[in-house]
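Beneath this line is the structure, given in structure tokens, with notes to follow.
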Amino acid sequence: MIIGTRGSQLALAQTRNVANLLKEQGVETSIKIIKTSGDRFTDRPLHAVSGGVGAFVRELDDVMLAGEIDIAVHSMKDMPTIRPQTLPTAAVLKRDTPFDVLITYDGTPLDELPEQSIIGTSSLRRTAQIKRYRPDLITQDLRGNIDTRLRKLKEGQYDGILLAKAGLERMGWEIEGEILSPDFFCPSPNQGTVAIVTRAGTEAEAAVSMLDHTESRIATEIERILISELGGGCTTPVGSYAEITPDKTEIHVRAEVLSLDGGEAVRIDEFIPMRGGIEKARELGHRLVEMGGRRLAEEALLQISRNASGSENSYDY
Ligand SMILES: NCc1[nH]cc(CCC(=O)O)c1CC(=O)O
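Residues in the sequence shown are numbered from 124 upward in steps of one, following this note's numbering.
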């Protein structure tokens, strides 16, 4: 079976891990690197690339539908909500660390950074959250793969950068960083989770489904439901995080919508029962709308579309 992947170091690390997990199940695979348009246009912010991050996923879908690959490995947070029915997510892997991490040039923690320190991130959500938490800091766009971003920090272009902790973990890099609390930095929906796509009804689907982790599948689904009513194409600053309690009877849900400048935010933070959790998450999603979440999302979308065109349907840049 052939596993298709983007060529970034992170995508390759994730894919090699899946190849190993499948090998443990007695399934031999080979890896094929697919170059996507998102990888080609690395000079512009991702929300200005047609289709946003979702474009990476769609291009791998096309290659899979054409029969060139059997399995595709994705960072689940980059997957658009609406998926082709013939390409099921056969497995959601056990989640890695879902939180963001701040890596500073000289190890200074967030609360001690001097005013006007420059923080690099290309994520609208992280930008809004950092502006909300420390309005005195300056955010600057930072694109590129994780290795590129770390190089730019080392070169002194930024005082600190924000990344998903999971990315560092998967690369096996032991880099000192400050894990940011989901109380202030609610992660992107599905951050830290790898999902595997196959064609429906194939041998690959059966093999991959052995890797599915039920709790991670539930948590990631809840996260998507919480923000599904917001509209705004979901290109807006939105966080959503569901954590199943150790006794597995409840789910701690947090979700947040911010204005682009972080000046306004609405959030929910509740425990819901595991049983009937999907319905309860839908109710909370409605509540987020009523609290002003949809207005914030639509305003953000308008502001973004004034600056860029064509982005849609992906959560985090
Ligand atoms: N938006 C790009 C992206 N997609 C997934 C990850 C990290 C790994 C993950 O969250 O699964 C990253 C990098 C980042 O946000 O720092």
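Backbone N, C-alpha and C fix where the C-beta goes; we use that ideal spot for every residue, glycine too.
Pick from 148, 126, 213 and 203: whose alpha carbon is nearest that of residue 324? Taking the sequence shown and counting its residues from 1, one reaches residue 324 at position 201. Checking every option, the nearest Cα to that of residue 324 belongs to 213.
Measuring CB atoms only, is the region 307-327 touching the region 218-226, in the sense that at least three cross pairs come out at less than 8 Å? yes
6 Å CB neighbourhood of residue 385 in its chain, flanking five on each side removed: Locating residue 385 in the sequence shown gives position 262, where the first residue counts as 1. So the qualifying residues of the chain are 251, 254 and 255.
Considering only C-alpha positions, which residue in the set 237, 271 and 151 is nearest to residue 260? Translated into the one-based positions of the sequence shown, residue 260 becomes position 137. It is 237.
Distance check for residue 419 and residue 145, CA to CA, integer angstroms please. Position 22 of the sequence shown, counting from 1, holds the residue named residue 145. Position 296 of the sequence shown, counting from 1, holds the residue named residue 419. Residue 145 and residue 419: Cα-Cα distance of roughly 43 Å.
Spatial distance of residue 413 from residue 405 (CA atoms): Translated into positions along the sequence shown, residue 413 becomes position 290. Translated into positions along the sequence shown, residue 405 becomes position 282. Roughly 13 Å between the two C-alpha positions.
Does the distance from the C-beta atom of residue 293 to that of residue 133 stay below 8 Å? Position 170 of the sequence shown, counted from the first residue, corresponds to residue 293. Position 10 of the sequence shown, counted from the first residue, corresponds to residue 133. Yes; because the gap between Cβ atoms is below 8 Å, this pair is in contact.
Close Cβ partners of residue 240 (< 6 Å) along its chain, the five nearest in sequence each way excluded: Counting from 1 along the sequence shown, the entry for residue 240 is found at position 117. Hits under 6 Å: 260 and 282.
Could you name the residues that DSSP lists as bridge partners for residue 197? By 1-based counting over the sequence shown, the position of residue 197 is 74. DSSP, once it has assigned bridges, lists 318 as partnering residue 197.
Just how far apart, CA to CA, sit residue 275 and residue 139? As a working mapping, residue 275 is identified with position 152 in the sequence shown. As a working mapping, residue 139 is identified with position 16 in the sequence shown. Approximately 26 Å, taken between the alpha carbons.
Boundaries (first-last residue) of the beta strand (DSSP E) holding residue 262: Here residue 262 refers to the residue found at position 139 when the sequence shown is read from its first residue. Its beta strand (DSSP E) spans residues 261-263.
In its own chain, which residues sit with a C-beta less than 7 Å from the C-beta of residue 265, not counting the 5 before and 5 after it? Looking up residue 265 in the sequence shown gives position 142. So the qualifying residues of the chain are 243, 244, 245, 272, 275, 281 and 284.
One question on the structure: do residue 300 and residue 226 come within less than 8 Å of each other, judged by their Cβ atoms? In the sequence shown, counting from the first residue as 1, residue 300 sits at position 177. In the sequence shown, counting from the first residue as 1, residue 226 sits at position 103. Closer than 8 Å, so yes.
For residue 189, is the classification buried or exposed, using 16 other Cβ atoms within 10 angstroms of its Cβ as the cut-off for buried? Locating residue 189 in the sequence shown gives position 66, where the first residue counts as 1. It counts as exposed.
Classify residue 308 as buried or exposed, calling it buried when 16 or more other Cβ atoms lie within 10 Å of its own Cβ. Here residue 308 corresponds to residue number 185 of the sequence shown, with the count starting at 1. Answer is buried; the Cβ neighbour count reaches 16.
Residue 133 (DSSP reduced to helix, strand or coil): Translated into positions along the sequence shown, residue 133 becomes position 10. Three-state DSSP puts residue 133 in a helix.
Tell me the rounded alpha-carbon separation between residue 173 and residue 268. The residue you call residue 173 lines up with position 50 of the sequence shown. The residue you call residue 268 lines up with position 145 of the sequence shown. No answer about residue 173 holds up, because its pLDDT of 49 lies below 50 and its placement is not dependable.
Cβ-based neighbour list, residue 383, same chain, cut-off 7 Å, excluding 5 preceding and 5 following: As a first step, residue 383 must be located in the sequence shown, where it is residue number 260. Excluding residues within five positions, the ones whose Cβ falls inside 7 Å are 247, 251, 360, 423 and 426.
Cβ atoms of residue 290 and residue 228: under 8 Å apart, would you say? If you number the sequence shown from 1, residue 228 lands on position 105. If you number the sequence shown from 1, residue 290 lands on position 167. No.
Using beta-carbon positions only, say whether residue 336 and residue 215 come within less than 8 Å of one another. Working through the sequence shown from its first residue, we reach residue 336 at position 213. Working through the sequence shown from its first residue, we reach residue 215 at position 92. Result yes, Cβ atoms of residue 336 and residue 215 sit closer than 8 Å.
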